[in-house]
Structure formats: structure tokens, C-alpha cells
Amino acid sequence: MAAEKAPEAPQQQVRKQARYAAVGRLYITATFNNTIVTVTDEQGKTLCWGACGKAGFSGTRKSTPFAATAAIEGALKHATEIHGVKAVSVYIKGIGPGRDAVLRVLRTSPVDVNKLVDMTPVPHDGIRPRKRRRV
């Protein structure tokens, strides 16, 4: 018979400490297919994030304003409860359907909005647009 090994003591797993940031940045990317929300600290290190897919939506339902509402509510809840975020600077990029829904949620949330910046890229006559979709 082979020699039996003694049971090993379970190793203590080291948990990462949650970073605390009273003031943060909220980056919102609203595309036609999805809305992605990222909460960072002042240096730009990611604290938490949320997306329509993370909120439980899939397919075409990700591109709805309701899905964007669920995504930002989840990200803000995590940021306030775990990371202690009390005020944010909001940076919005994109023209998707979740854009206005996100602003509505921010108005009713307990988080203070320090500044609101629109970073949507606007082409100065850039590339030729793709052909129009015919359904």
C-alpha cells in the first residue's frame, strides 16, 4: 500500500482590502448595443463597474434604457456601500439609448454630482458612414 498523506491544514486566503474613495469619477459609455459604467477613484484606478449584461440582460434587451438604469444602479450601490463614494464627476461618451436613463438615475441618487462632462467624439467630416440599413 502507498503511504497515506496527512491532511493539510487549510491555507488562509488573503482578501484584498476594498479601496476607500470619498470622491470618484463615473465613466459612462452609451453605445447603441450596450451601456457600460465604470467607477474610478481620483487617480483613475477602477473601483467597480457595471454593464447591462452584468445586470442580467442579454441580446437586444441590453440596448434599452431600463437595462442602463439597472446597470448604473448596481454600480452606484456597490460604489457607495463598499468603497464609500459620496461624490462623483460624471464623464459621458456615446449617444445610445441608455444615456438619458443614466442621467435620470443620477438625479435621484444620493451621490453628489460635482461635474458633468460630455466626451462624445464628434468627427470633423471623418470617414464615410456605412450604408443605411434596410429592413
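Here our numbering is used: the first residue of the sequence shown is 2, the next is one more, and so on. The beta-carbon is built from N, C-alpha and C at its ideal position, and this holds for glycine as well.
Whether residue i touches residue j by CB criterion (8 angstroms)
i, j, result
"A19", "I93", "no"
"C53", "K63", "yes"
"G127", "V86", "no"
"T41", "Y28", "yes"
"V114", "I73", "no"
Beta-bridge partners of residue i, as assigned by DSSP
i, result
"A72", "The partner list for A72 (beta bridge, DSSP) is empty, contrary to what the question assumes."
"D113", "A88"
"V24", "A88"
"V38", "I29 and G51"
Cβ distance (whole Å) where residue i is taken to contact residue j below 8 angstroms
i, j, result
"K55", "G75", "7 angstroms"
"G97", "A23", "About 30 angstroms; that fails the 8 angstroms criterion."
"V112", "V89", "6 angstroms"
Where residue i falls: helix, strand or coil (DSSP)
i, result
"V136", "coil"
"D101", "helix"
"G51", "strand"
"I29", "strand"
"I93", "strand"
"I83", "helix"
"T61", "helix"
"V123", "coil"
"V106", "helix"
Flag this pair as touching only if the segment 27 to 43 and the segment 68 to 87 have three or more C-beta atom pairs under 8 angstroms; answer yes or no. yes
Taking contact to mean 3 or more Cβ pairs, one atom from each stretch, closer than 8 angstroms, check whether the segment 118 to 127 and the segment 92 to 109 are in contact. yes
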